[in-house]
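Here is the structure we will look at, set down as structure tokens.
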Amino acid sequence: MKEKKEENLMDKIVSLCKRRGFVYPNAEIYGGFAGFWDYGPYGLAMKNNIKQLWWKMFVTDREDMYGVDASLITKQDVLQASGHVSGFSDPLADGSRFNTMFRTSVGAGEDSQIAYLRPETAQGIFTNFKNVVDSFHPKLPFGIAQIGKAFRNEIAPRDFIFRLRELEQMEVEYFIYEKEWEASFEMWQKTIWKWIEEIGIDKDKTHELEVADGERAHYSKRTIDFEFDFPFGRKELYGLAYRTDFDLKNHQTSSGVDLSYFDESSHTGAQNRIIPHVIEPSLGIERTMLAILSSAYTEDILGDEPRVYLKLKSSIAPIKVAVFPLLKNKPELVAKAREIYLILKKEHNAVVFDDNGNIGKRYRRQDEIGTPYCVTIDFDTLTDDTVTVRDRDNGKQERVRIEELVKYIKI
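In structure tokens:
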């Protein structure tokens with residue numbers, strides 16, 4: 010019975026995402042395209058909020074991080090050295106293996122060469138390791154971060170935006186001394202839990218799984234999967250891996266380029282040059298978004314009527330504030346509402362003006378997309394310079410002076 014209820018929840022989330030402009034099926038007018046989804050205005054805003062918050066927590070709030078943005082097309086040599094060409098595959102029903110990378114060619118005729126749409130963002134970080142070191146001379150430990158698309162030719166994409174052929178990743182490769190890997194691993198483990206709380210994923214539905222020997226990726230000495238209780242079952246949300254020195258060592262051997270790091274702290278002559286080890290926290294944007302939606306989707310009774318709302322953190326919500334004139338056919342109310350809308354728009358970009366339908370329908374529409382505050386301009390506003398501010402979660406309304414409005418709804 011519980012399983013059926015959870016499946017019903019998934020249907021409700023998918024329906025809300027389509028109806029309210031979060032996620033659309035790709036090429037829907039042609040029957041759709043499995044494993045690919047498009048993002049509407051609110052879905053795009055939510056994804057951007059996730060990325061901005063991740064970049065702030067994992068990169069700009071730290072002093073040991075450097076960002077890059079590497080190419081989506083990856084040279085075959087890179088993925089041969091990393092083991093993806095030979096090992097990045099899924100089993101087929103007849104027992105054979107199917108490489109899940111998207112293969113393409115670059116150039117024309119005899120000059121063309123095999124390349125791939127990157128299956129992960131990590132390799133673009135490793136191939137730029139020497140460039141970052143030469144440009145910035147960072148001291149260990151330090152990290153290189155990247156947000157970007159990755160592509161996997163999944164045999165059976167499924168579960169909405171959970172298993173995709175085109176996805177977006179937020180990854181860090183954190184370069185360390187080998188002897189410090191356990192402390193660094195624990196530090197990033199705590200950081201991921203802090204992130205989960207910060208963005209509003211239900212911690213009670215999130216679990217750590219220690220990945221056993223034989224089940225880890227070929228490059229990993231230790232991996233923890235952070236799993237989430239999605240409506241369709243407990244599945245991997247994030248990964249944290251100790252990649253040892255596998256990638257840099259393999260790329261150095263394959264390319265013939267010295268990728269060692271000159272360690273000025275040891276003062277031991279030739280032994281100063283080392284290959285750093287790596288801790289990798291890897292987070293997918295779409296799975297993050299789905300976990301947030303699953304955590305935030307709420308049904309309750311408000312004013313003796315059932316309603317649906319997304320209990321999103323204000324930092325994640327696509328719209329922070331909605332501004333309403335009580336009646337759209339009263340020019341004086343509309344003009345005042347526009348004035349207040351512009352005041353709030355200067356402070357918070359994610360502000361909308363809404364005069365479509367009666368006030369109750371407007372509230373319900375904003376509840377469904379997770380807008381924390383609704384501001385209504387009525388006839389009292391014209392005489393006493395106060396407005397009604399409604400809280401999304403409890404529906405309570407409070408009169409607030411216009412001059413105090415920005416401070417009141419500070420997000």
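Per my numbering, the very first residue in the sequence shown carries number 10; after that it's consecutive.
Glycine included, each C-beta is placed from N, C-alpha and C at the ideal position.
All values derive from a computational prediction rather than experimental measurement.
Contact between Ala124 and Thr113 holds: their C-beta atoms lie close to 6 Å from each other, under 8 Å. Only buried fits Gln178, as 16 or more other CB atoms lie within 10 angstroms of its CB. When only Cα atoms are considered, Gly223 and Asp78 end up about 32 Å apart.
For Pro34, the secondary structure class from DSSP, reduced to helix, strand or coil, is strand. Under the three-pair Cβ rule at 8 Å, the stretch 241 to 252 does not count as touching the stretch 320 to 338.
Ranking Arg161, Lys212, Leu257 by CA distance to the CA of Gly133 puts Leu257 first.
Assigned with DSSP and collapsed to three states, Ile301 falls in helix.
Approximately 6 Å separates the beta-carbon atoms of Ile325 and Gly209; this is inside 8 Å, confirming the contact. Of the residues Gly404, Asp254, Pro147, Asn358, the one whose Cα lies closest to the Cα of Cys383 is Gly404.
Distance between Glu207 and Ser105, taken at the CA atoms: about 43 Å.
The stretch 138 to 152 and the stretch 179 to 186 touch, with three or more beta-carbon pairs separated by less than 8 Å.
In this structure, the alpha-carbon of Ser269 lies about 42 Å from that of Asp238. In the same chain as Arg127, and ignoring 5 residues on each side of it, the C-beta atoms closer than 7 Å to its own belong to Leu81, Thr83, Gly133, Ala159, Phe160, in chain order. CA-to-CA, the gap between Lys419 and Arg225 works out to about 45 Å. In this model, Glu175 and Thr395 are separated by some 48 Å (Cα to Cα). Lys158 has Glu177 as its beta-bridge partners, per DSSP.
Contiguous beta strand (DSSP E) elements confined to the stretch 72 to 125 occur at 74 to 76, 82 to 84, 98 to 100, 106 to 108, 112 to 115, taking only those with 3 or more residues.
Here the alpha carbon of Ala331 sits roughly 15 Å from the alpha carbon of Glu407. Rounded to the nearest angstrom, the gap between the Cα atoms of Leu25 and Pro166 is 21 Å. By the neighbour-count criterion, in which 16 or more other beta carbons inside 10 Å mark a residue as buried, Lys56 falls on the buried side.
Counting along the chain, the unbroken beta strand (DSSP E) around His286 starts and ends at 286 to 293.
A distance of 7 Å or more separates the beta carbons of Val398 and Glu356. In the structure shown, Ile352 adopts helical secondary structure according to DSSP, grouped into three states. Bridge partners of Ile153 according to DSSP: Tyr75, Glu182.
Beta-bridge annotation (DSSP): Ile283 is paired with Tyr270. The beta carbon of Ile284 lies closer than 8 Å to those of Asp254, Leu257, Lys258, Gln261, Leu268, Ser269, Tyr270 in the same chain, with the five residues before and after it left out. A Cβ-Cβ separation of about 26 Å leaves Asp86 out of contact with Ile164 under the 8 Å criterion.
Between Glu217 and Glu236, the alpha-carbon positions lie close to 6 Å from each other. Between Ala154 and Met66, the beta carbon gap of about 11 Å keeps them out of contact (Cβ cut-off 8 Å).
Here the alpha carbons of Glu273 and Ala54 stand approximately 44 Å from one another. Of the residues assessed, Gly52 falls on the buried side of the cut-off, its CB having 16 or more other CB atoms within 10 angstroms.
DSSP lists Phe235 as the bridge partner or partners of Glu217. Judged by their CB atoms, Arg252 and Glu219 are not nearer to each other than the 7 Å cut-off. Cα atoms of Lys27 and Tyr33: separation of roughly 5 Å, rounded to the nearest angstrom.
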